[in-house]
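Numbering (our numbering), first residue to last: 1 to 338.
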């Protein structure tokens, strides 16, 4: 591609981990889908080992709209999305996967919803994944997340989404938190729309998702629930939990006393007297330490403005930080003038 590249109105952010076979056809589909839209596409190579870096560099060499960020190692999808979002120049940010299961042709239709919404979430209504290991666990997770967060969505796991940059660029993301971005943006007052999008079976490469991610998601969901309901008033959480433990201790003490005096069950009484309170105390200490550690790590990154990743090198991104800062100042000035 020759000539000057116009300023993008849309920034695509695509995490990449071992997707060498999918990258060329993916970029071709993006070009076909966004032929009428000034765009940039930011590929974040999350420590790929299969030659994805070489393919991405080749794409960036012939198309200046393709920007590439290479991580020094694998940091995970959340960190890759964070890096892409921080480098995005446009006022609209689109996220999608690199495995060709998302359909780039859906993007223009999603962009059409932006005037009445701040975030457009894709819903893989006809999902083409394994039923037992992917689809059913995902449905259960979506139901649980919707109930606990009060942000009802059919598909929290779909990466294909469109965001207004002002709602997403300041969100701190760690762990597996990328799937909870719709919850975070609603805290900032964003209006959400969810629409059905296409989904294709994986034909190349190996899926990086599986049941092993469930514990991470559940722990991150617990953190989100805590931050939503108890971040400002944590005494409500710890206080009520403390009252519950005290009550449980009193009941256990009464049962233990009855076991000693009435039922003549010294073994059971000894267990109730020692083991149950000990397990309860150890459990609450572990949960408390986990929450405190989560809050401290967020403070560490936010106060120091430190990113949770390291970049080895970039392609076609010279001066992006300056451009991005100017664009952000322009948006801020526009909102203040309004």
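We treat Cβ as the ideally placed atom computed from N, Cα and C, and that holds for glycine.
**Request:** Specify the secondary structure class of residue 367 as computed by DSSP and reduced to three states.
**Result:** Because the chain in this structure spans residues 1 to 338, residue 367 falls outside the shown range and cannot be described.
**Message:** Do residue 170 and residue 220 have their beta-carbon atoms positioned less than 8 Å apart in this structure?
**Reply:** If you number the chain shown from 1, residue 220 lands on position 220. If you number the chain shown from 1, residue 170 lands on position 170. It is not a contact, given that the beta carbons lie outside the stated cut-off.
**Request:** Specify the secondary structure class of residue 196 as computed by DSSP and reduced to three states.
**Result:** Start at 1 with the first residue of the chain shown, and residue 196 comes out as number 196. Of the three classes helix, strand and coil, the one that applies to residue 196 here is strand, per DSSP.
**Reference residue 9, options 24, 53, 89, 79, closest by Cα** = Against the chain shown, residue 9 aligns to sequence position 9. When only C-alpha atoms are compared, the closest one is 89.
**Message:** Which residue wins for smallest C-alpha separation from residue 100, given the options 141, 257, 206?
**Reply:** Indexing the chain shown from 1 puts residue 100 at position 100. With distances taken between Cα atoms, residue 100 lies closest to 206.
**Item:** N-terminal and C-terminal residue of the beta strand (DSSP E) that residue 163 is part of
**Value:** Looking up residue 163 in the chain shown gives position 163. Segment 161-164, the beta strand (DSSP E) holding residue 163.
**Request:** Report, in whole angstroms, the separation of the C-beta atoms of residue 113 and residue 120, which I expect to be a contact under 8 Å.
**Result:** Locating residue 113 in the chain shown gives position 113, counting from the first residue. Locating residue 120 in the chain shown gives position 120, counting from the first residue. The Cβ separation is near 5 Å, so the contact holds.
**Item:** beta strand (DSSP E) runs contained entirely in the region 34-67, provided each spans 3 or more residues
**Value:** 39-45
**Request:** Counting only the same chain and skipping the five closest in sequence on each side, list residues whose C-beta sits under 7 Å from that of residue 129.
**Result:** Counted from its first residue, the chain shown places residue 129 at position 129. Within the same chain, residue 129 has close Cβ partners 135.
**Asked** Counting along the chain, where does the alpha helix (DSSP H) carrying residue 185 start and finish?
**Response** As a working mapping, residue 185 is identified with position 185 in the chain shown. Start and end: 181-187.
**Request:** Using three-state DSSP, classify residue 158 as helix, strand or coil.
**Result:** Taking the chain shown and counting its residues from 1, one reaches residue 158 at position 158. Three-state DSSP puts residue 158 in coil, outside helix and strand.
**Asked** Under the criterion of a Cβ to heavy atom distance below 7 Å, does residue 129 qualify as lining the ligand FAD?
**Response** Among the ligands in the structure shown, none appear at all, so the ligand FAD cannot be discussed.
**residue 134: first and last residue of the uninterrupted alpha helix (DSSP H) it sits in** = Within the chain shown, numbered from 1, the residue matching residue 134 stands at position 134. It is not in any alpha helix (DSSP H) - residue 134 carries neither H nor E in the DSSP assignment.
**residue 155, buried or exposed, once every other Cβ within 10 Å from all chains shown has been counted against 16** = The sequence position of residue 155 within the chain shown is 155, counting from 1. The residue in question, residue 155, is buried, as its Cβ has 16 or more Cβ neighbours within 10 Å.
**Asked** So residue 178 and residue 124 are in contact, right, with Cβ under 8 Å, and what is the actual spacing, rounded?
**Response** As a first step, residue 178 must be located in the chain shown, where it is residue number 178. As a first step, residue 124 must be located in the chain shown, where it is residue number 124. So it is not a contact: roughly 16 Å between Cβ atoms.
**Asked** DSSP on residue 32, reduced to helix/strand/coil?
**Response** What you label residue 32 is simply residue 32 of the chain shown in a count that begins at 1. Residue 32 falls in the helix class under three-state DSSP.
**Prompt:** residue 17 by DSSP, collapsed to three states: which one?
**Reply:** Position 17 of the chain shown, counted from the first residue, corresponds to residue 17. Here residue 17 sits in coil by DSSP.
**Asked** Can you tell me the Cα-Cα spacing of residue 91 and residue 250, whole angstroms?
**Response** The sequence position of residue 91 within the chain shown is 91, counting from 1. The sequence position of residue 250 within the chain shown is 250, counting from 1. Rounded to whole angstroms, residue 91 to residue 250 spans 58 Å at the Cα level.
**Prompt:** With which residues is residue 95 paired in a DSSP beta bridge?
**Reply:** Along the chain shown, one-based indexing puts residue 95 at 95. Paired residues: 13, 161.
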